[in-house]
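Enquirer:
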Amino acid sequence: MTHAASTFIDTAPVRDAARKLGQATDETRSAILRTFAAKLRAATAGVLAANADDVARGVADGLSAALIDRLTLTPDGLEGVCSAVEDVAALPDPLAEVLEERTLANGLQLTKVRVPFGVVCVVYEARPNVTADAAAIAIRTGNGAVLRGSRQAQASNSAIIDCVHAALSEHDIDPACIMDVDPADREGFRELIATEGSVDLVIPRGGEGLKKFLYEHARVPILAAAGGNCHVFVDKTAEREMARDIVLNAKTHRPGVCNSAETLLVHEARAHDLLPYLLAHLNNAGVEVVEGEEALATEFLDMKIAVTTVASVEEAIAHINKYGTGHSEAIVTGDGDSADKFVRGVDAAAVYVNASTRFTDGAIFGMGAEVGISTNKLHARGPIGLRELTTTKYIVYGDGQIR
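If you want this note's numbering, it's the position in the sequence shown, counting the first as 1, plus 6.
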């Protein structure tokens with residue numbers, strides 16, 4: 007396992023190792039991931055023991071039940087992580103994709119292809135599965151990675167990184183291409199993101215506070231996978247049981263994740279019949295309704311929800327575009343015109359009609375694992391998978407042309 011020993015985080019070894027990784031064959035990069043998954047399975051007892059230590063510290067530190075859920079690895083959960091790594095290995099080679107190919111009037115043969123970014127830094131909170139996902143996607147795309155998890159998951163992350171490094175070494179790739187940064191070294195991390203050229207891209211996967219910190223201090227490009235103040239709007243034509251099922255799933259399935267609903271909007275025409283029905287079911291599920299203006303702008307990541315009524319689809323759209331974070335938004339409606347207005351008017355990475363916000367996920371979308379859900383508009387929006395961790399290069403062949 008590699009930790010920064012001082013406040014200076016030297017990413018030069020990561021970049022050097024990443025160059026060799028980027029030149030490795032598709033079969034080699036896929037084989038590394040299959041080996042990583044195998045080593046992670048073989049280390050199940052140790053990884054789960056490390057995770058149990060992290061969870062115990064989290065409980066002692068007073069982390070919420072939802073955050074403890076994000077932190078916890080179960081045997082089935084760890085097997086899911088291994089399967090996700092293998093799924094990434096089985097995906098088509100992202101570096102083999104030819105985006106454009108044509109011959110210019112002067113005879114030059116022009117080809118546009120995908121290539122690695124170089125070195126990607128991923129900053130994330132107490133989610134050890136992200137360590138495996140981010141490392142797998144970086145390796146598959148030929149990128150080096152600087153991983154900065156949280157102190158709450160440090161033991162779990164270290165155990166997973168040990169498996170990554172062992173897999174890389176087994177295939178003669180320098181394990182320095184995946185660097186684990188000590189989360190306690192805040193000054194070193196601040197210097198890293200403030201140094202142009204230290205990394206080619208930083209991806210924050212966390213709340214709006216983390217996103218704000220990076221925008222204030224970073225001098226490297228940012229692809230934000232930040233907070234999810236997601237909404238479910240129940241329109242006046244919504245079917246009662248469908249609305250109930252979608253609202254409950256969006257809020258209670260995993261309340262500590264970024265695609266969980268945080269605000270319920272209900273058309274005022276249904277305030278006297280459907281709203282009390284939904285509130286009763288939320289209450290029975292253990293969800294607390296939080297009132298006030300501040301609640302409307304809050305990502306609770308907990309069994310809490312803000313609730314308000316709106317007079318129209320247009321008002322719902324305006325509310326979401328004011329308070330939302332551009333992540334995932336849903337409408338429950340029986341009216342096609344309302345659905346069309348909603349999907350065209352809402353500014354978000356994913357917009358749902360008659361479905362839960364919980365589906366915004368790289369694996370669910372068929373992209374394999376993900377680094378996070380981008381709420382940016384430049385470069386990538388939505389799940390950050392293999393293609394999103396590549397850039398492009400033009401390759402031009404000639405036979406002596408000059409200009």
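Even for Gly, the Cβ is constructed at its ideal location relative to N, Cα and C. All of these numbers come straight from a predicted model, not from anything done at the bench.
DSSP on F14, reduced to helix/strand/coil?
Expert: coil
Enquirer: Out of R40, N112, L46, state which residue places its alpha-carbon closest to the alpha-carbon of G406.
Expert: N112
Enquirer: Going by DSSP, name the residue or residues bridged to Q115.
Expert: T109, Y403
Enquirer: Tell me, which residues are paired with Y358 by DSSP?
Expert: A336
Enquirer: Does the distance from the CB of G404 to the CB of L392 come in under 8 Å?
Expert: no
Enquirer: With 16 other CB atoms within 10 Å as the buried threshold, where does L101 fall?
Expert: buried
Enquirer: When you compare each of N360, T331, L220, V295 to G340 by their alpha carbons, which one comes out closest?
Expert: N360
Enquirer: State the beta-bridge partners of D186 as determined by DSSP.
Expert: L153
Enquirer: With respect to the alpha helix (DSSP H) encompassing L198, which residues constitute its N-terminal and C-terminal limits?
Expert: 192-199
Enquirer: Name the one or two DSSP bridge partners that F219 has.
Expert: The secondary-structure analysis by DSSP pairs F219 with nothing; it has no beta-bridge partner.
Enquirer: What would DSSP say about T396, mapped onto helix, strand or coil?
Expert: The three-state secondary structure of T396, taken from DSSP, is strand.
Enquirer: For A277 and M248, I'd like the C-alpha separation in whole angstroms.
Expert: When rounded, the distance between both Cα atoms is 16 Å.
Enquirer: Counting only runs that start and end within the segment 36-86, where is the alpha helix (DSSP H) found for 4 or more residues in a row?
Expert: 50-66, 71-77
Enquirer: Mapping the DSSP letters down to three states, classify C236 as helix, strand or coil.
Expert: strand
Enquirer: Mapping DSSP to helix, strand and coil, what is K383?
Expert: coil
Enquirer: In terms of alpha-carbon separation, which member of L46, A354, G124, R63 lies closest to V20?
Expert: G124
Enquirer: Check whether the Cβ atoms of V126 and V205 sit closer than 8 Å, and answer yes or no.
Expert: yes
Enquirer: Compute the Euclidean distance between the alpha carbons of G213 and E193, then round it to the nearest angstrom.
Expert: 20 Å
Enquirer: Please go through the segment 233-302 and give each complete beta strand (DSSP E) segment of 3 or more residues, from N-terminal end onward.
Expert: 236-240, 267-273, 294-296
Enquirer: For A30, tell me which candidate among D180, L220, I401, K45 has the shortest Cα-Cα distance.
Expert: D180
Enquirer: For the beta strand (DSSP E) holding I209, just list the boundary residues, first then last.
Expert: Here the beta strand (DSSP E) through I209 covers 207-211.
Enquirer: Considering only DSSP beta bridges, list what T314 is partnered with.
Expert: L271
Enquirer: Hey, how far is the Cα of E33 from the Cα of L27?
Expert: 12 Å
Enquirer: Going by C-alpha to C-alpha distance, which of E131, A44, I323 sits closest to L307?
Expert: E131
Enquirer: Grab me the residues of D99's own chain with a C-beta within less than 6 Å of its C-beta, minus the 5 sequence neighbours each way, in chain order.
Expert: So the list reads D32, once near-sequence residues are dropped.
Enquirer: Below 8 Å on the Cβ atoms is my contact criterion, and I expect N235 with E305 to pass it. Report the Cβ-Cβ distance as a whole number of Å.
Expert: 5 Å
Enquirer: Rounded to a whole number of angstroms, what is the C-alpha to C-alpha distance between A24 and C264?
Expert: 30 Å
Enquirer: In three-state DSSP terms, what is R350?
Expert: helix
Enquirer: Straight-line CA distance for E106 to T398?
Expert: 10 Å
Enquirer: So what does DSSP say about A231, is it helix, strand or coil?
Expert: A231 carries a strand assignment under DSSP once its states are collapsed to helix, strand and coil.
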